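Respectively, the protein sequence lines represent chains A and B. Position one of the first sequence corresponds to residue 6 (the numbering used here), numbered consecutively onward. Position one of the second sequence corresponds to residue 27 (the numbering used here), numbered consecutively onward. For every residue, glycine included, the Cβ atom is placed at its ideal position computed from N, Cα and C. The structure presented is a predicted model; accordingly, all values stated were derived computationally and were not measured.
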Amino acid sequence: MARHILQTEGQVCPFPLVEAKQAIAGLDVGDELVIDFDCTQATEAIPQWAAENDYPVTHFDRTGDASWTITVQKA
Amino acid sequence: MILTGLLLGAALGFVMQRGRFCVTGAFRDVWIARRTRWLTAFFVVIAIQSAGVFALQSAGVLTLPTSNLALPAVLVGSLLFGVGIVLAGGCATGTYYRSGEGLVGSWIALGLYALFASVMKNGALAGVNEEFRAQRVEASTLYGTLGVSPWVLVAVLLAGTGAAVWWHLSRRKKVAQLPARYTGLRHWLFEKPWDPFVTAVLVAVIAIAAYPLSFATGRESGLGITTPSANIVSFLVTGEVDFARSWSVLLVLGILVGSYAAAKGAGEFKIRVPDARTTVRAIAGGTLMGVGAAWAGGCTIGNSMVQTAQLSFQGWLALLFTFLGVGLGARLFITSHRRTGALTSPATTAAPQPARV
């Protein structure tokens, strides 16, 4: 099981989610994708996308003012 | 009395920021992800507001002004506006509330949108704008042309939207949430994720309240963003105040205040400087938004959300063509998006590449 990091700070919505979709397509089942982002709307869009695809969210937290990290596992 | 504009704008900015309500996102999701959840929430705003505004009219509180449709200007303007909001990353109202969150790219887009709306409405291109908008057809409201009571269409709108909401709610899944830091009211206001449909009901209530509050100051319409944005620029460069429109100027300034308060209270305010590509897109997007909204006679709020609720041809055609413009913009600027070196892993750590403009 590998852990990949996607740094999207500075990318405005919807690009963090667009890049997350591109990134997860190349991952193996069970791999984790860590997405760091600072666009507010993605706090709704990324967990919603994970839920709709039945990808478990193993970590989701703030890393500072307007700064977040979420870990999505490919399933 | 015009201070109600500031208060209502602040409420709107607060609700939109906390609710992550974004009309651009609602339209864009349909094109790039085949998702209609946010579009359905947007229709909730139209449907409830429509019931509210026709109830106010039936009660004799107000009479909605109607005018003949500036068909070519509305179609072309809305299409340009749709492309513009994809480039700017938010519609006019979205750009206002993201400005309050500290996004410098949104400040740039907002400045150009207001500038070009002013150039088109009050400035050098006013003649071009008026000539295009003078091409009108004999059509005003959907119910007038169909020869039915507006309530028939309101009922259809409510039933269709209600069915769509039920469909989405019945498929709702458990979504991951950020760990809670606060309790009580502070948790509800500044932390808990708001359901899109709850947010939509709150936006609808604000949109309905806008009518009597605005009519009371002599401005006979509902929520509006483009004309006051243009008037702010015109006031700044000429010093002339249009008092009849001051309510809406305070409304848009209120959005900044409300979204700033919401973002600050939630720890979501940060000055965020865009990269070269985002900056160029904000400039192009803001310009297209200003020109497009002036031709169309409104933005996603004034046309797609307010004129639609009034069941006018202008509103529904603007909604359709803005939606098509968003599809075009998404095809040109989003689905083709690639950023080399975006993904890294401990095994393959690549150096980040400069962003492509």
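Chain B contact for residue i (CB, 7 Å cutoff)
i: A/Ala47; result: no
i: A/Gln53; result: yes
i: A/Leu32; result: no
i: A/His64; result: no
i: A/Asp41; result: no
i: A/Ala25; result: no
i: A/Ala80; result: no
i: A/Ile10; result: yes
i: A/Gly35; result: no
Min CB distance residue i to chain A below 7 Å
i: B/Leu350; result: no
i: B/His363; result: yes
i: B/Ala376; result: Note that B/Ala376 scores 44 on pLDDT, short of 50, meaning its location in the model is unreliable; the coordinates nonetheless yield the value given after this. It does not: the Cβ of B/Ala376 has no partner Cβ on chain A nearer than 7 Å.
i: B/Glu127; result: yes
i: B/Lys147; result: no
i: B/Gln379; result: The predicted model places B/Gln379 with a pLDDT of 49, which falls under 50 and marks its position as unreliable; any figure quoted below should be read in that light. It does not: the Cβ of B/Gln379 has no partner Cβ on chain A nearer than 7 Å.
i: B/Ala322; result: no
i: B/Gly115; result: yes
i: B/Asp301; result: yes
i: B/Thr209; result: no
i: B/Arg46; result: yes
i: B/Gly265; result: no
i: B/Ala206; result: no
i: B/Thr370; result: yes
i: B/Glu294; result: yes
i: B/Ala202; result: yes
Pick from the options that is closest to residue i, judged by C-alpha positions
i: B/Ala230; options: B/Val79, B/Gly318, B/Gln83, B/Ala59; result: B/Val79
i: B/Ala93; options: B/Leu262, B/Arg357, B/Phe339; result: Correcting the residue type first, residue 93 of chain B is Ser in the shown sequence and not Ala. For B/Ser93, the nearest C-alpha among the options comes from B/Phe339.
i: B/Gln43; options: B/Thr119, B/Leu141, B/Leu97; result: B/Thr119
i: B/Leu279; options: B/Asn329, B/Ala242, B/Thr334, B/Val259; result: B/Val259
i: B/Val102; options: B/Leu314, B/Gln83, B/Thr89, B/Arg365; result: B/Leu314
i: B/Cys48; options: B/Gln75, B/Ile111, B/Gly149; result: B/Ile111
i: B/Gly128; options: A/Thr45, A/Ala50, A/Met6, A/Gln78; result: A/Thr45
i: B/Val191; options: B/Ile251, B/Arg365, B/Arg63, B/Phe261; result: B/Arg63
i: B/Pro222; options: B/Gly324, B/Arg61, B/Phe68, B/Thr366; result: B/Phe68
DSSP-derived helix/strand/coil call for residue i
i: A/Ser72; result: strand
i: B/Gly115; result: coil
i: B/Gln75; result: helix
i: A/Ile40; result: strand
i: B/Arg298; result: strand
i: B/Phe53; result: helix
i: A/Leu32; result: coil
i: A/Gln78; result: strand
i: A/Ile10; result: strand
i: B/Thr366; result: coil
i: A/Arg67; result: strand
i: B/Leu82; result: helix
i: B/Ala377; result: Because the pLDDT of B/Ala377 is 43, which lies under 50, any placement of that residue in the model is unreliable, and the number read from its coordinates should be weighed accordingly. Residue state, collapsed to three classes: coil.
i: B/Ser338; result: strand
i: B/Leu129; result: strand
i: B/Thr167; result: strand
Contact check, residue i vs residue j, beta carbons under 7 Å
i: A/Asp59; j: A/Ala80; result: yes
i: B/Ala99; j: B/Arg159; result: yes
i: A/Asp41; j: A/Gln16; result: no
i: B/Thr304; j: B/Gly131; result: yes
i: B/Tyr123; j: B/Ile281; result: yes
i: B/Asn384; j: B/Ala308; result: Nothing can be reported for residue 384 of chain B, as the shown portion of chain B is limited to 27 through 383.
i: B/Leu249; j: B/Val332; result: yes
i: B/Ala226; j: B/Val70; result: yes
i: B/Ala420; j: B/Leu65; result: With chain B represented from 27 up to 383, any question about residue 420 of chain B goes unanswered, as that position is not in the structure.
i: B/Gly353; j: B/Val109; result: no
i: A/Glu14; j: A/Asp43; result: yes
i: B/Gly318; j: B/Phe107; result: yes
i: B/Ala96; j: B/Arg46; result: no
i: A/Thr76; j: A/Thr68; result: no
i: A/Ala7; j: B/Glu294; result: no
i: B/Ser7; j: B/Trp133; result: Outside the modelled stretch of chain B, which goes from 27 to 383, sits residue 7 of chain B, for which no answer is possible.
i: A/Leu38; j: A/Ala50; result: no
i: B/Trp220; j: B/Thr243; result: no
Burial state of residue i (16 or more Cβ within 10 Å)
i: B/Ala356; result: buried
i: B/Lys199; result: exposed
i: B/Met146; result: buried
i: B/Glu246; result: exposed
i: A/Trp54; result: buried
i: B/Gly35; result: buried
i: B/Thr203; result: Sequence inspection shows Gln at residue 203 of chain B; the Thr mentioned does not correspond to that position. Exposed: under 16 other Cβ atoms inside 10 Å.
i: A/His9; result: buried
i: B/Arg271; result: buried
i: B/Pro378; result: Note that B/Pro378 scores a pLDDT of 47, beneath 50, so its modelled location is shaky; the value from the coordinates is reported in the next line. Exposed, since its Cβ has fewer than 16 Cβ neighbours within 10 Å.
i: B/Met27; result: exposed
i: B/Thr171; result: exposed
i: B/Ala302; result: exposed
Near the ligand GDP: residue i beta-carbon under 6 Å from a heavy atom
i: B/Val332; result: Within the structure as shown, the ligand GDP is missing, as the structure has no ligands at all.
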